[in-house]
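Enquirer: Have a look at this one before I ask anything.
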Amino acid sequence: RYLAAFEMVDRAIPRNGYTIFADGKEVGVVTSGTHSPSLQKGIGLGFVQFGKHKSGMELEIDIRGKMMKAVIVKPPFYKNGTAQL
């Protein structure tokens with residue numbers, strides 16, 4: 001398994017334990033998630049099957065019975081100029 005970072009495409013917040021899907025098949029589980037005020041979207045980390053962790057890969061996360069779209073990104077989570085050091 002591989003720890004992957006992702007951003008939600010749909011308006012939703014991922015939470016620990018939610019199931020991650022790719023191409024209609026279960027490929028992993030969310031380990032943590034929250035709303036990012038600077039990005040104004042949900043972000044998270046999750047363990048996914050090796051090979052299902054490429055940046056830009058589209059995923060779906062089962063959030064309370066609804067399949068919500070997400071995309072794999074390279075951490076850290078911030079837009080240019082929004083990081084606080």
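Going letter by letter, the sequence shown gives residues 1 to 85 in the working numbering. Backbone N, C-alpha and C fix where the C-beta goes; we use that ideal spot for every residue, glycine too.
1) Output the distance between the C-alpha atoms of H53 and G46, rounded to the nearest integer angstrom.
2) Output yes or no for whether 8 Å exceeds the beta carbon distance between M57 and I72.
3) Can you tell me the Cβ-Cβ gap for A70 and E26, rounded? I've got them flagged as a contact below 8 Å.
4) Nearest to G65 by alpha carbon, out of F21, L3, A5?
5) Under the rule that 16 or more other beta-carbon atoms within 10 Å means buried, what is L3, buried or exposed?
Expert: Taking the structure as given:
1) Counted from its first residue, the sequence shown places residue 53 at position 53. Counted from its first residue, the sequence shown places residue 46 at position 46. Whole-angstrom Cα-Cα distance: 10 Å.
2) Stepping through the sequence shown from its first residue, residue 57 is reached at position 57. Stepping through the sequence shown from its first residue, residue 72 is reached at position 72. It is a contact, given that the beta carbons lie within the stated cut-off.
3) On the sequence shown, position 70 is the one that residue 70 refers to. On the sequence shown, position 26 is the one that residue 26 refers to. Their Cβ separation, rounded to whole angstroms, is 14 Å, which puts A70 and E26 out of contact at 8 Å.
4) Residue 65 sits at position 65 when you count from the first residue of the sequence shown. The candidate whose alpha carbon is nearest that of G65 is F21.
5) Taking the sequence shown and counting its residues from 1, one reaches residue 3 at position 3. L3 comes out exposed.
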